[in-house]
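Residue 25 in this note's numbering is what sits at position 20 of the sequence shown, and the numbering runs on without skipping anything.
Quick reminder that beta carbons are idealized off the backbone N, C-alpha and C, glycines included.
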Amino acid sequence: MRKSEKLITNTIRIAGSSTILFILLIFVFLMKEGLPTIQEISIGDLLSKRWYPIEELYGILPLISGSLIVTIFSMVIAFPLGIGTAIYIGEIAPPGLKEILKPLVEVLAGIPSVVLGFIGILVLSPMMRTGLKLPTGLTALTGSILLALISIPTIVSIAEDALYAVPNSYREAAYALGATHWQIIWYVVLPAGRSGILNAVMLGVGRSLGETMAVMMVTGNAPTLFSGLNSFISPVRTMTATIASEMGEVASGSSHYHVLFFIGILLFLFSLIINITSSTLSARPKRGKDQVIS
């Protein structure tokens, strides 16, 4: 091996290893600052229903439920729209239109979330308030819709790339068997691109779960526990919004300070679970390898 090739190989190896090192350092830092929470605050107090740090009430259940509400409901909206748009761009749209839509989606994915948050406050929130006759438009539903709009371009871009990577020989073989266009999409292209599509969806989930500014601007920032369908049209507060809004004002080393880092540990673990789930689902053997298109 030439010296230049060896240098490039070693550089790539070091870059890959440094990524793992950085993640470990972040996790160690979070653990160092967040684990004292368990010593200072009882588990019962942490799992209570009230978040009011001024009175030393650090119940994180309302924050967890707020994050889960907006994340899950945003994926309910973003998943069918994102995958459907990816199918249209990759398999149905004429070549000329595809050349326009694909770059447009890439541009939408690059819009800063704070800009979309402004749009949510000025446009989406008043629409929700007047359309549903609510006292305020800053609700979990508003945050979910905005997060869906943020996640859809990411899902579309990655899912379309996954569909594009499916060899044309698969489609040609299916046409030779007499399959229709929609049968090819449903029985051939989607199963073949399943791994990339799952990664796109999981990345969208991670984007929604980790979003900060947009949800902080449109969800109302009220730490209320999920209590039924009415919670969708009520203000909520997410874990990320709590960290962003309170970290700048908290005293370093206080119980409040450690609890915020403990919330960061939970977010780190949630992201890890999402990535592990994505890898596990993607690694499963594909079903129906010998399936005959009917």
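Cβ-Cβ distance between residue i and residue j below 8 Å
{"i": "valine 223", "j": "glycine 148", "result": "yes"}
{"i": "histidine 186", "j": "threonine 42", "result": "no"}
{"i": "glycine 201", "j": "alanine 153", "result": "no"}
{"i": "glycine 233", "j": "tyrosine 169", "result": "no"}
{"i": "leucine 230", "j": "leucine 66", "result": "yes"}
{"i": "aspartate 50", "j": "glycine 71", "result": "no"}
{"i": "alanine 98", "j": "valine 161", "result": "no"}
{"i": "leucine 271", "j": "methionine 252", "result": "no"}
{"i": "valine 241", "j": "alanine 145", "result": "yes"}
{"i": "leucine 68", "j": "threonine 243", "result": "yes"}
{"i": "serine 276", "j": "glycine 198", "result": "no"}
{"i": "isoleucine 238", "j": "leucine 139", "result": "yes"}
{"i": "isoleucine 116", "j": "methionine 207", "result": "no"}
Supposed close pair residue i, residue j - CB separation, criterion 8 Å
{"i": "glycine 209", "j": "glycine 87", "result": "7 Å"}
Straight-line gap, residue i to residue j (C-alpha atoms, nearest Å)
{"i": "asparagine 235", "j": "isoleucine 77", "result": "16 Å"}
{"i": "serine 213", "j": "alanine 227", "result": "19 Å"}
{"i": "phenylalanine 273", "j": "phenylalanine 267", "result": "10 Å"}
{"i": "threonine 24", "j": "threonine 141", "result": "43 Å"}
{"i": "leucine 102", "j": "valine 112", "result": "16 Å"}
{"i": "valine 171", "j": "glutamate 165", "result": "10 Å"}
{"i": "arginine 134", "j": "alanine 184", "result": "48 Å"}
{"i": "glutamine 188", "j": "alanine 181", "result": "13 Å"}
{"i": "isoleucine 3", "j": "proline 131", "result": "With the chain covering 6 to 299 only, the question about residue 3 has no answer from this structure."}
{"i": "tryptophan 56", "j": "glycine 258", "result": "19 Å"}
{"i": "proline 100", "j": "leucine 106", "result": "10 Å"}
{"i": "alanine 83", "j": "threonine 16", "result": "39 Å"}
{"i": "isoleucine 28", "j": "glutamate 61", "result": "31 Å"}
Cutoff 8 Å; reference residue i; Cβ partners in own chain excluding five residues on either side
{"i": "serine 118", "result": "Ile155, Glu216, Thr217, Met218 and Ala219"}
{"i": "valine 75", "result": "Ala145, Gly148, Ser149, Leu152, Ser213, Val220, Thr224, Val241 and Thr243"}
{"i": "glutamine 296", "result": "Confidence at glutamine 296 is low in this model, with a pLDDT of 44, below 50, so its placement is unreliable and no value can be given for it."}
Cutoff 6 Å; reference residue i; Cβ partners in own chain excluding five residues on either side
{"i": "histidine 261", "result": "Pro58 and Val255"}
{"i": "valine 110", "result": "Pro158, Val161 and Ser162"}
{"i": "valine 193", "result": "Tyr175 and Ala179"}
N-terminal and C-terminal residue of the alpha helix (DSSP H) that residue i is part of
{"i": "arginine 199", "result": "199–215"}
{"i": "tryptophan 191", "result": "Looking at the DSSP string, tryptophan 191 is not in any alpha helix (DSSP H), and its letter there is neither H nor E."}
{"i": "tyrosine 169", "result": "145–169"}
{"i": "proline 67", "result": "66–92"}
{"i": "phenylalanine 27", "result": "8–39"}
Any non-hydrogen atom of the ligand NAD closer than 7 Å to residue i Cβ
{"i": "isoleucine 31", "result": "Absence of the ligand NAD from the depicted structure is noted, as is the absence of any ligand whatsoever, leaving it without description."}
Chain-order list of residues whose beta-carbon lies under 7 Å from that of residue i (same chain, five-residue window excluded)
{"i": "serine 79", "result": "Ser149, Leu152, Ala153, Ser156 and Ser213"}
{"i": "serine 248", "result": "Checking the displayed sequence, the identity of residue 248 turns out to be isoleucine instead of serine. Only Leu265, Ile268 and Gly269 meet the Cβ criterion."}
{"i": "lysine 54", "result": "Gly64, Leu66, Pro67 and Leu230"}
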